[in-house]
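A.B. asks: Residue 312 in UniProt numbering sits at position 312 of the sequence shown, with consecutive numbering throughout.
Backbone N, C-alpha and C fix where the C-beta goes; we use that ideal spot for every residue, glycine too.
There's a structure below that I have some questions on.
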Amino acid sequence: MDPNPFVAALYHDVDVIRYCHVSAVTLTLFEHAMVLDQEVELIWQRREWSLTKMLYICNRYLGDAFVLISALEILQSNEYNRLLCTRRAWLNLVLRLHSSCSVLLPFLAWSGTVIWVVSASRLPPPPGIISQSLILGLSTGSTVVLNELAPGIRFCVMSKVSSYYWIYWLIVIGMESFIFLAVAWRAVQDLYHYRGPLKGRALFTVLVRDSFMFFLLPLGLIIADAIIVRTQIQIFVIPQAFTLPVAVIMSGRMVLNIREAYYHPFMTVVIPEVTTLQDNTGSVCFDQTPSESALSVATHFCERSWREADEDSSRLGECA
Numbered sequence: 001m002d003p004n005p006f007v008a009a010l011y012h013d014v015d016v017i018r019y020c021h022v023s024a025v026t027l028t029l030f031e032h033a034m035v036l037d038q039e040v041e042l043i044w045q046r047r048e049w050s051l052t053k054m055l056y057i058c059n060r061y062l063g064d065a066f067v068l069i070s071a072l073e074i075l076q077s078n079e080y081n082r083l084l085c086t087r088r089a090w091l092n093l094v095l096r097l098h099s100s101c102s103v104l105l106p107f108l109a110w111s112g113t114v115i116w117v118v119s120a121s122r123l124p125p126p127p128g129i130i131s132q133s134l135i136l137g138l139s140t141g142s143t144v145v146l147n148e149l150a151p152g153i154r155f156c157v158m159s160k161v162s163s164y165y166w167i168y169w170l171i172v173i174g175m176e177s178f179i180f181l182a183v184a185w186r187a188v189q190d191l192y193h194y195r196g197p198l199k200g201r202a203l204f205t206v207l208v209r210d211s212f213m214f215f216l217l218p219l220g221l222i223i224a225d226a227i228i229v230r231t232q233i234q235i236f237v238i239p240q241a242f243t244l245p246v247a248v249i250m251s252g253r254m255v256l257n258i259r260e261a262y263y264h265p266f267m268t269v270v271i272p273e274v275t276t277l278q279d280n281t282g283s284v285c286f287d288q289t290p291s292e293s294a295l296s297v298a299t300h301f302c303e304r305s306w307r308e309a310d311e312d313s314s315r316l317g318e319c320a
């Protein structure tokens, strides 16, 4: 094979990888700028501190910094080595756990089991975290990194990893799928026990919608990571460039939407058109005028809806 086309193809692949990381940085910082006014109102202007608020700040700003530093390391690949690969893997694990915790806390508030957070903080780490840490630690020594793809082309890629490294991503898929199924099952239960026009309106709209989006998008990228690690490790940095930014963006959006629903509750009441009232026997009663009947029914709906909205807000307040 003529070396010139081969070298040209290598240059093209390197440019694609670099463009992907620059795109990931642009996406992360641009999205952060879009929600900055909402963040100032719902995060920084609120004096009270909560675990979700601290997780959001760590996840948002550490995530932005990590994505930016990773892109700079890719662009300066002549200084990139196995130590940096290992450091990126561990930081990726920590930040992804931050994102998952930011989403889990509102979900636990929705389920009415926020007390589990306090109890879980005193327990050992879950088996999934232990397994991921163990695989990362054991595979560090067997990772082979190339600093020069061809004469004159200095770019660092992983050329070989341990044979069991792909299990790491299977564990991630299992953990994310478990949380996703838990959210879906809780949503089905909430629909089954639906009562009144506002039962879980804010929670159902925010948590179910954002939870599904949060788990589906990163899950697709994680599956791509697992497949590429197993088949073609050299291009692993392409899907990995977007895995963490998407998780950071989606978890941050979800926390802001949760706090928006808590601090700025909204309610839509539909007043039914009532012209007559019927008793249990089916006879028409004209004890009340049509306007009084409609007002009575609407007042009943409002009182019940406010009680249910207060219950939802009190649960949200434990984590907002």
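For V67 and I227, I'd like the C-alpha separation in whole angstroms.
C.D. replies: On the sequence shown, position 67 is the one that residue 67 refers to. On the sequence shown, position 227 is the one that residue 227 refers to. Cα-Cα distance, rounded: 22 Å.
A.B. asks: So I237 and I17 are in contact, right, with Cβ under 8 Å, and what is the actual spacing, rounded?
C.D. replies: The residue you call residue 237 lines up with position 237 of the sequence shown. The residue you call residue 17 lines up with position 17 of the sequence shown. Residue 237 is actually Val in this sequence, not Ile. Contact holds; Cβ gap of about 6 Å.
A.B. asks: Near V35, what residues of its chain come up, given a Cβ to Cβ distance below 8 Å and the 5 sequence neighbours on each side ignored?
C.D. replies: Within the sequence shown, residue 35 is the residue found at index 35, counting from 1. Closer than 8 Å at Cβ, skipping near neighbours: G252, R253 and L256.
A.B. asks: Taking C-beta to C-beta, are I130 and Y168 nearer than 7 Å?
C.D. replies: In the sequence shown, the residue the question calls residue 130 occupies position 130. In the sequence shown, the residue the question calls residue 168 occupies position 168. No; because the gap between Cβ atoms is not below 7 Å, this pair is not in contact.
A.B. asks: Please check the pair P245 and L27, which I expect to be a contact at CB under 8 Å, by giving their CB distance rounded to whole angstroms.
C.D. replies: Stepping through the sequence shown from its first residue, residue 245 is reached at position 245. Stepping through the sequence shown from its first residue, residue 27 is reached at position 27. Indeed, because the Cβ distance is near 6 Å, the residues count as touching under 8 Å.
A.B. asks: Do A24 and A241 come within 7 Å of each other at the CB atom, strictly closer than that value?
C.D. replies: Start at 1 with the first residue of the sequence shown, and residue 241 comes out as number 241. Start at 1 with the first residue of the sequence shown, and residue 24 comes out as number 24. Their beta carbons are under 7 Å apart, which means A241 touches A24 by this criterion.
A.B. asks: Just reading off the alpha helix (DSSP H) that V40 is part of, what are its end residues?
C.D. replies: Here the question's residue 40 lines up with position 40 in the sequence shown. No alpha helix (DSSP H) holds V40; DSSP gives it neither H nor E.
A.B. asks: Who are the near neighbours of L181 in its chain, counting only those whose CB is closer than 8 Å to its CB and skipping five residues on each side?
C.D. replies: Counted from its first residue, the sequence shown places residue 181 at position 181. Excluding residues within five positions, none has a Cβ falling inside 8 Å.
A.B. asks: Would you mind sorting G63 into buried or exposed? The rule is 16 or more other CB atoms within 10 Å of its CB.
C.D. replies: What you label residue 63 is simply residue 63 of the sequence shown in a count that begins at 1. Buried, since its Cβ has 16 or more Cβ neighbours within 10 Å.
A.B. asks: Checking 7 Å against the spacing of the C-beta atoms, do I171 and Q232 come in under that value?
C.D. replies: Reading the sequence shown from its first residue, position 171 is the one you call residue 171. Reading the sequence shown from its first residue, position 232 is the one you call residue 232. Result no, Cβ atoms of I171 and Q232 do not sit closer than 7 Å.
A.B. asks: On a Cα-Cα basis, can you pick out the residue from E39, E31, Q38 and A71 that is closest to C20?
C.D. replies: Taking the sequence shown and counting its residues from 1, one reaches residue 20 at position 20. If we check each option's Cα against that of C20, A71 comes out closest.
A.B. asks: Short check: CB of A224 to CB of P239, under 7 Å?
C.D. replies: Along the sequence shown, read from residue 1 onward, the residue named residue 224 stands at position 224. Along the sequence shown, read from residue 1 onward, the residue named residue 239 stands at position 239. Yes. Within cutoff.
A.B. asks: Return the chain-ordered list of same chain residues with a C-beta closer than 7 Å to the C-beta of D210, the five sequence neighbours on each side being excluded.
C.D. replies: As a first step, residue 210 is located in the sequence shown; it is residue number 210 there, counting from the start. Hits under 7 Å: R253, M254 and N257.
A.B. asks: Return the CA-CA distance between R46 and Y263, expressed in angstroms with no decimal places.
C.D. replies: Reading the sequence shown from its first residue, position 46 is the one you call residue 46. Reading the sequence shown from its first residue, position 263 is the one you call residue 263. Going from the Cα of R46 to the Cα of Y263 covers about 10 Å.
A.B. asks: Closest to I69 by CA distance: which of E48, L10, M213 and V22 is it?
C.D. replies: Residue 69 sits at position 69 when you count from the first residue of the sequence shown. Considering only alpha carbons, the answer is V22.
A.B. asks: To the nearest angstrom, how far is it from the Cα of A184 to the Cα of L42?
C.D. replies: Residue mapping note: residue 184 aligns to position 184 of the sequence shown, counting from 1. Residue mapping note: residue 42 aligns to position 42 of the sequence shown, counting from 1. Taking the straight line from one Cα to the other gives about 27 Å.
A.B. asks: Express the C-alpha separation of E48 and Y165 in angstroms, rounding to a whole number.
C.D. replies: Counted from its first residue, the sequence shown places residue 165 at position 165. Counted from its first residue, the sequence shown places residue 48 at position 48. So the two alpha carbons sit approximately 42 Å from each other.
A.B. asks: What runs of the alpha helix (DSSP H), each 4 residues or longer, lie entirely inside the stretch 204-251?
C.D. replies: The stretch 204-251 contains these whole alpha helix (DSSP H) runs: 209-231.
A.B. asks: For D13, which three-state DSSP category applies?
C.D. replies: Within the sequence shown, the letter at position 13 stands for residue 13. DSSP places D13 in helix when its eight states are reduced to three.
A.B. asks: Among C58, A8, E176 and V40, which has the Cα closest to the Cα of G220?
C.D. replies: Sequence index remark: in the sequence shown, residue 220 carries index 220 (1-based). Closest by alpha carbon: E176.
A.B. asks: Return the chain-ordered list of same chain residues with a C-beta closer than 8 Å to the C-beta of L217, the five sequence neighbours on each side being excluded.
C.D. replies: If you number the sequence shown from 1, residue 217 lands on position 217. If we look at L217 and ignore the five residues flanking it on each side, its Cβ neighbours are V246 and M250.
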